[in-house]
Amino acid sequence: MIIAIDGPAASGKGTIARALAGHHRLPHLDTGLLYRGVGAAALASGTGFDDIPALAALAAGLDLAALDEEALKAGPVGEAASRVAAVPEVRAALLKLQRDFARQPGGAVLDGRDIGTVIAPEAEVKIFVTATPEARAERRFSELLKRGEAVTFDQVLDDIRRRDARDSGRAAAPLVQAPDAITLDNTGLDRDASIARALAIVAERI
Ligand code: C5P
1 MIIAIDGPAA
11 SGKGTIARAL
21 AGHHRLPHLD
31 TGLLYRGVGA
41 AALASGTGFD
51 DIPALAALAA
61 GLDLAALDEE
71 ALKAGPVGEA
81 ASRVAAVPEV
91 RAALLKLQRD
101 FARQPGGAVL
111 DGRDIGTVIA
121 PEAEVKIFVT
131 ATPEARAERR
141 FSELLKRGEA
151 VTFDQVLDDI
161 RRRDARDSGR
171 AAAPLVQAPD
181 AITLDNTGLD
191 RDASIARALA
201 IVAERI
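Here the sequence shown is numbered in the UniProt record's numbering, starting from 1 and rising by one per residue.
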């Protein structure tokens, strides 16, 4: 069984994907980490976001086992990730790894922006997780405060709106809901209610 979870930044799709993977004992891949890994590598090496061959080489050389989730979740990396994610050559370099992960025997849970549309259109279950930009900014803001990052709510909301626009407006695998995906709008739902709804969606489909 492949479970595809897509949605915009800070929608809670990662939390939902982890919970579903735990419940159904499936391996889980947070595909945003791949783009964050490339974005962080570009920042660290001073690679320009317009240097397409160099960005594609960073993506092709990405070592999944070496990705440090904590460091990659920090503020500036998200913006860099969304820049490199708009480059078709970067997406192409990361495609096989994601498809292989999805198609491993026994199934998998993947979360990202294009899982149900590009990576695994054949997924048995597709959930599109969303919430208003304000609700998503609230969550991201309290997460960043807990990490001790010095940000304001307005900066976080701006960042989310900018990423939404870039992720939805790009030509290569834009963030769009697959026609056969079920919408889970968790504006006003807490973490547990949101997970319960996702578990119910999966239960109805299998
Ligand atoms: O989900 P997360 O915020 O970690 O993703 C970081 C960035 O990576 C997103 O803003 C998006 O541009 C990109 N991404 C993508 N396709 C995916 C997963 C993430 O383009 N499947």
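For each residue, glycine too, the CB sits at the ideal point set by N, CA and C.
These figures come from a predicted structure and were not determined experimentally.
Query raised in the report: Does any heavy atom of the ligand FMN sit closer than 7 Å to the C-beta of residue 167?
Result: For the ligand FMN, the structure offers nothing, since it holds only the ligand C5P.
Report task. May I ask you to report which of helix, strand or coil DSSP gives residue 206? Result -> Counting from 1 along the sequence shown, the entry for residue 206 is found at position 206. Of the three classes helix, strand and coil, the one that applies to residue 206 here is coil, per DSSP.
**Report entry** Per DSSP, cross-strand counterpart(s) of residue 130
**Finding:** Within the sequence shown, numbered from 1, the residue matching residue 130 stands at position 130. Residue pairing for residue 130: DSSP places it in a beta bridge opposite 185.
Requested in this report: Please classify residue 125: does DSSP put it in a helix, a strand, or coil?
Outcome: Position 125 of the sequence shown holds residue 125. Note: residue 125 maps to strand in three-state DSSP.
Query raised in the report: Assuming residue 27 contacts residue 108 under a Cβ cut-off of 8 Å, what Cβ separation, rounded to an integer in Å, is found between them?
Result: If you number the sequence shown from 1, residue 27 lands on position 27. If you number the sequence shown from 1, residue 108 lands on position 108. Sure, about 5 Å apart at Cβ, within 8 Å.
Query - Backbone CA spacing between residue 162 and residue 49 [nearest angstrom] - result: Here residue 162 refers to the residue found at position 162 when the sequence shown is read from its first residue. Here residue 49 refers to the residue found at position 49 when the sequence shown is read from its first residue. Their backbone Cα atoms lie some 16 Å apart in a straight line.
Query raised in the report: Just to confirm, does residue 132 get its C-beta within under 7 Å of one of the non-hydrogen atoms of the ligand C5P?
Result: Within the sequence shown, numbered from 1, the residue matching residue 132 stands at position 132. Flag unset: Cβ of residue 132 not near the ligand C5P.
Query raised in the report: Does the region 165-182 come within contact of the region 100-118, defined as at least 3 CB pairs closer than 8 Å?
Result: yes
Query - Close Cβ partners of residue 151 (< 8 Å) along its chain, the five nearest in sequence each way excluded - result: Taking the sequence shown and counting its residues from 1, the one referred to as residue 151 is at position 151. Cβ neighbours of residue 151 beyond the five flanking positions: 75, 141, 144, 145.
**Report entry** Nearest residue (CA-CA) to residue 125, options 180, 45, 29
**Finding:** For this step, residue 125 is matched to residue 125 along the sequence shown. That would be 180, whose Cα lies nearest to the Cα of residue 125.
Query raised in the report: For residue 47, which residues of its own chain have a beta-carbon under 8 Å away from its beta-carbon, when the five flanking residues on both sides are left out?
Result: As a position in the sequence shown, residue 47 is number 47, starting the count at 1. Excluding sequence neighbours, residue 47 sits near 41, 54, 55, 58.
Query raised in the report: Which residue or residues does DSSP assign as beta-bridge partners of residue 110?
Result: Position 110 of the sequence shown, counted from the start, is the residue given in the question as residue 110. Paired residues: 4, 29.
**Report entry** Touching by the beta-carbon criterion (3+ pairs, under 8 Å), the region 3-20 and the region 124-138
**Finding:** yes
Report task. For residue 168, I'd like the list of residues in its chain whose CB is within less than 6 Å of its CB, leaving aside the five on either flank, ordered along the chain. Result -> Taking the first residue of the sequence shown as position 1, residue 168 is located at position 168. Residues of the same chain with a CB within less than 6 Å of the CB of residue 168, apart from the 5 flanking positions on each side, are 174, 175 in chain order.
Report task. Please look up how many angstroms separate the CB atoms of residue 164 and residue 8, rounded, as I've assumed it's under 8 Å. Result -> Locating residue 164 in the sequence shown gives position 164, where the first residue counts as 1. Locating residue 8 in the sequence shown gives position 8, where the first residue counts as 1. 5 Å between Cβ atoms; contact.
Report task. With a threshold of 16 other CB atoms inside 10 Å of the CB of residue 45, please say whether the residue is buried or exposed. Result -> Here the question's residue 45 lines up with position 45 in the sequence shown. The residue is exposed, with fewer than 16 neighbouring Cβ atoms inside 10 Å.
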